[in-house]
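Q: Chains F and A are the protein sequences, given in the same order. Just so you know, the first sequence maps onto residues 0 to 191 in this note's numbering. Just so you know, the second sequence maps onto residues 0 to 191 in this note's numbering.
Number of protein chains: 2
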Amino acid sequence: MARNVEFNESEAIQKAMEVFWEKGYNGTSLRDLTDAMKINSSSLYNTIGDKNELYIRCITHYTDLRRKDLQQRMSGKKRAFEILVEYVHDAIKVITDGRNGCMAIKAAFEMGANNGKVKQILKTDSELADQFLTSLISKAMQEGDIPREEEPRLIADFFNSTWTGWYESYILHKDADKIRKMGEYFIRQISK
Amino acid sequence: MARNVEFNESEAIQKAMEVFWEKGYNGTSLRDLTDAMKINSSSLYNTIGDKNELYIRCITHYTDLRRKDLQQRMSGKKRAFEILVEYVHDAIKVITDGRNGCMAIKAAFEMGANNGKVKQILKTDSELADQFLTSLISKAMQEGDIPREEEPRLIADFFNSTWTGWYESYILHKDADKIRKMGEYFIRQISK
DNA sequence: TTTTTTTTGAAACAATCATTTTAGAATAAC
DNA sequence: GTTATTCTAAAATGATTGTTTCAAAAAAAA
Numbered sequence: 000m001a002r003n004v005e006f007n008e009s010e011a012i013q014k015a016m017e018v019f020w021e022k023g024y025n026g027t028s029l030r031d032l033t034d035a036m037k038i039n040s041s042s043l044y045n046t047i048g049d050k051n052e053l054y055i056r057c058i059t060h061y062t063d064l065r066r067k068d069l070q071q072r073m074s075g076k077k078r079a080f081e082i083l084v085e086y087v088h089d090a091i092k093v094i095t096d097g098r099n100g101c102m103a104i105k106a107a108f109e110m111g112a113n114n115g116k117v118k119q120i121l122k123t124d125s126e127l128a129d130q131f132l133t134s135l136i137s138k139a140m141q142e143g144d145i146p147r148e149e150e151p152r153l154i155a156d157f158f159n160s161t162w163t164g165w166y167e168s169y170i171l172h173k174d175a176d177k178i179r180k181m182g183e184y185f186i187r188q189i190s191k
Numbered sequence: 000m001a002r003n004v005e006f007n008e009s010e011a012i013q014k015a016m017e018v019f020w021e022k023g024y025n026g027t028s029l030r031d032l033t034d035a036m037k038i039n040s041s042s043l044y045n046t047i048g049d050k051n052e053l054y055i056r057c058i059t060h061y062t063d064l065r066r067k068d069l070q071q072r073m074s075g076k077k078r079a080f081e082i083l084v085e086y087v088h089d090a091i092k093v094i095t096d097g098r099n100g101c102m103a104i105k106a107a108f109e110m111g112a113n114n115g116k117v118k119q120i121l122k123t124d125s126e127l128a129d130q131f132l133t134s135l136i137s138k139a140m141q142e143g144d145i146p147r148e149e150e151p152r153l154i155a156d157f158f159n160s161t162w163t164g165w166y167e168s169y170i171l172h173k174d175a176d177k178i179r180k181m182g183e184y185f186i187r188q189i190s191k
């Protein structure tokens with residue numbers, strides 16, 4: 000006995016995510032969002048909620064995409080070291096192609112300290128990436144491609160950190176070659 | 000034939016910097032600023048300028064402090080490797096003590112892509128840190144404390160990147176031990 | 001077809017935003 | 001002490017903020 004929602008919710012979330020991604024939470028106005036989502040603010044508040052809830056949905060969507068990507072990478076039958084190297088190379092590609100950096104990193108620095116819910120989502124996302132890398136490195140050690148001198152978990156943490164800095168470097172210097180060289184250096188370092 | 004400015008400008012900039020540092024550019028209102036600086040907005044606009052100019056002044060102040068710190072570190076008569084290790088340890092302390100992360104990094108992710116002037120200041124700051132590290136690493140190689148296998152510049156870039164990620168890690172995980180272990184790992188890696 | 005429920009679009013909302021104006025207070029130079 | 005100039009405080013500015021209201025439109029159930 001009622002009308003249906005007209006707009007496609009997941010498409011709208013995708014659009015909102017792109018705006019938040021580019022402008023950050025505080026840099027984005029409700030009008031920016033409703034313009035991109037092509038819906039009225041009343042519809043937004045009816046179905047999704049306020050600005051903060053929408054942001055949570057967007058960040059969640061972003062980390063969901065990442066989780067799926069990691070799962071796909073794990074599913075193949077390649078050697079762990081090969082998956083690892085591929086992951087590093089793809090990370091470099093994403094950094095040097097994209098204009099907006101990584102939404103999760105931007106969110107961590109903008110909201111991490113002040114918004115508990117956002118922080119929790121990002122923390123879980125970070126832990127997932129850590130687990131992915133840790134198990135890969137661990138496997139690569141078993142397969143003899145990485146020396147066993149260091150804790151896999153430590154190397155995983157270290158890569159995740161380094162990777163964040165590559166984003167900053169590319170924002171400031173726009174030097175793709177620099178990022179590539181750091182990637183090669185990292186692979187060289189863990190291999191020896 | 001006129002009245003003097005009542006407030007201490009550099010103290011006011013310091014206070015403004017602290018607010019921007021914590022809340023970011025878009026998260027800070029003019030009231031936040033004038034409250035912290037304890038001046039009226041008309042005084043602010045008369046002497047310093049608008050919000051954007053004030054921010055530029057704050058970021059510049061921040062990077063000035065950093066430059067002075069680096070100069071001091073270089074001035075001693077210690078071995079380069081020792082200065083380097085000290086720098087890493089101090090970086091870890093700053094990360095795990097502070098609540099707000101690094102203002103330059105936050106600024107890079109919030110403003111870097113959209114504000115040319117801010118970007119330029121941060122770029123110069125980053126290059127300075129790179130030069131500092133590059134010359135230290137180079138000297139440490141001459142002194143036999145670091146193998147000559149890699150380009151000093153590359154290792155410097157790599158450390159600067161990693162260091163950025165430590166901030167993110169600490170925001171999300173608040174795990175000081177994790178940061179310390181990554182620091183030790185880095186020193187171990189460049190030494191071998 | 002009518003009823004009932006929900007969504008939608010447009011307008012309205014108060015609050016806050018960055019910025020400016022205005023009038024008076026302060027002080028250096030004369 | 002007067003004058004000239006600049007500063008400060010408070011209020012006003014119009015624009016924009018996030019959010020809500022309300023009447024009309026839509027459509028599923030009766």
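Just so you know, even glycine gets a beta-carbon here, dropped at the ideal spot from N, CA and C. Bear in mind that the values here come from a model prediction, so they are computed numbers and not experimental data.
For the ligand FAD, any of its heavy atoms closer than 7 Å to the Cβ of F/ALA139?
A: Looking at this structure, you won't find the ligand FAD or any other ligand, since it has none at all.
Q: Return the chain-ordered list of same chain residues with a C-beta closer than 6 Å to the C-beta of A/ARG56, the five sequence neighbours on each side being excluded.
A: The residues are ILE12.
Q: Would you mind stating whether F/ALA103 and F/TYR54 have Cβ atoms separated by less than 8 Å?
A: Contact: no.
Q: Please report whether the beta-carbon of A/THR163 lies at a distance below 8 Å from any beta-carbon of chain F.
A: Yes, contact with chain F.
Q: Residues of chain F with CB closer than 8 Å to the CB of A/PHE157, please, in chain order.
A: Residues of chain F passing the Cβ test: THR161, MET181, TYR184 and PHE185.
Q: Residue range of the alpha helix (DSSP H) that A/ALA175 falls in?
A: It spans 175-190 - the alpha helix (DSSP H) in which A/ALA175 sits, taken as one unbroken run.
Q: So is F/GLY75 buried or exposed if we call it buried at 16+ other beta carbons inside 10 Å?
A: Result: exposed.
Q: Going along chain F, which residues have a C-beta under 8 Å from A/GLN188?
A: Within 8 Å Cβ-Cβ: GLN188.
Q: State yes or no: is the beta carbon of A/LYS92 nearer than 8 Å to at least one beta carbon in chain F?
A: So no, A/LYS92 is outside the interface.
Q: Would you check if the distance between the CB atom of A/LEU153 and the CB atom of F/MET181 is smaller than 8 Å?
A: A contact, by the Cβ cut-off of 8 Å.
Q: Counting only the same chain and skipping the five closest in sequence on each side, list residues whose C-beta sits under 7 Å from that of F/PHE192.
A: Lying outside 0 to 191, the shown extent of chain F, residue 192 of chain F is not represented and no answer is given.
Q: Which residues of chain A have a Cβ atom closer than 7 Å to the Cβ of F/GLY26, listed in chain order?
A: Within chain A, the residues near F/GLY26 are ASN25.
Q: Does A/VAL4 pass the burial test, meaning 16 or more other C-beta atoms within 10 Å, or should it be called exposed?
A: Classification for A/VAL4: exposed.
Q: Determine, using beta carbons only, whether F/ASN241 and F/TRP20 come nearer to each other than 8 Å.
A: Absent from the model: residue 241 of chain F. The displayed extent of chain F is 0 to 191, so no value can be given.
Q: If you reduce the DSSP assignment to three classes, tell me which class A/GLY164 lands in.
A: A/GLY164: helix per DSSP, three-state reduction.
Q: Verify the CB distance criterion: does A/TYR99 have a CB-CB separation below 8 Å to chain F?
A: It should be pointed out that residue 99 of chain A corresponds to Asn in this sequence rather than to Tyr. Yes, A/ASN99 lies at the interface with chain F (some Cβ there is under 8 Å from its Cβ).
Q: Which class does A/TYR54 belong to by DSSP, given the choice of helix, strand or coil?
A: Three-state result, A/TYR54: helix.
Q: Output needed for F/THR27: all residues of its chain with C-beta closer than 7 Å, excluding positions within five of it in sequence on either side, in chain order.
A: Excluding residues within five positions, the ones whose Cβ falls inside 7 Å are VAL18 and PHE19.
Q: List, in order along the chain, the chain F residues whose C-beta lies closer than 8 Å to that of A/ALA107?
A: Simply GLU167, ILE170 and LEU171.
Q: How far does the alpha helix (DSSP H) with A/PHE131 in it reach, from first residue to last?
A: It spans 115-141 - the alpha helix (DSSP H) in which A/PHE131 sits, taken as one unbroken run.
Q: May I have the straight-line CA-CA distance separating A/THR161 from A/SER134, to the nearest angstrom?
A: Those two C-alpha atoms are separated by around 18 Å.
Q: Alpha carbon to alpha carbon, how far is A/THR33 from A/ASN39? Give it in angstroms, no decimals.
A: Approximately 6 Å, taken between the alpha carbons.
Q: Closest to F/TYR173 by C-alpha separation, out of A/ALA175, A/LYS122, A/ILE178 and A/SER137, would be which residue?
A: Looking at the sequence shown, residue 173 of chain F is not Tyr but Lys. Nearest of A/ALA175, A/LYS122, A/ILE178 and A/SER137 to F/LYS173, Cα basis: A/LYS122.
Q: Where does the unbroken alpha helix (DSSP H) through A/SER28 begin, and where does it stop?
A: From DSSP, A/SER28 is part of no alpha helix (DSSP H); its letter is neither H nor E.
Q: Taking F/LYS118 as the query, report the chain A residues whose CB atoms sit under 7 Å from its CB, ordered along the chain.
A: The contacting residues are LEU171.
Q: Residues in the same chain with beta-carbon distance under 6 Å from F/ASP144, minus the five sequence neighbours each way, listed in chain order, please.
A: Closer than 6 Å at the Cβ level, and outside the excluded window around F/ASP144, lie PHE80.
Q: Of the residues A/ILE82, A/ARG65 and A/TYR44, which one's Cα is nearest the Cα of A/GLU142?
A: With distances taken between Cα atoms, A/GLU142 lies closest to A/ILE82.
Q: Thinking C-beta only, is A/ALA107 closer than 8 Å to F/LEU171?
A: Cβ distance < 8 Å, so F/LEU171 and A/ALA107 count as in contact.
Q: So is A/SER134 in contact with chain F if we call contact Cβ pairs under 8 Å?
A: It does not: the Cβ of A/SER134 has no partner Cβ on chain F nearer than 8 Å.
Q: Cα separation between A/ARG65 and A/MET16?
A: Computed Cα separation, rounded: 14 Å.
Q: Along the chain, where does the alpha helix (DSSP H) containing A/ASP49 start, and where does it finish?
A: Run containing A/ASP49: none; DSSP gives neither H nor E here.
Q: Taking Cβ positions, are A/GLU8 and A/THR46 nearer each other than 8 Å?
A: Yes, Cβ-Cβ distance for A/GLU8 and A/THR46 is below 8 Å.
Q: Name the chain F residues whose beta carbon is nearer than 7 Å to that of A/GLY111?
A: Those within 7 Å of A/GLY111 in chain F are ILE170 and LEU171.
Q: Our contact map puts A/THR163 next to F/GLY97 with C-beta atoms below 8 Å; I'd like the distance itself, whole angstroms only.
A: A/THR163 to F/GLY97, Cβ: 17 Å. No contact.
Q: Excluding five sequence neighbours on each side, which residues of the same chain lie with their C-beta closer than 7 Å to the C-beta of F/ILE189?
A: Only ILE145 and ILE154 meet the Cβ criterion.
Q: In angstroms with no decimal places, state the Cα-to-Cα distance between F/THR59 and F/LYS92.
A: The straight-line gap from Cα to Cα measures roughly 23 Å.
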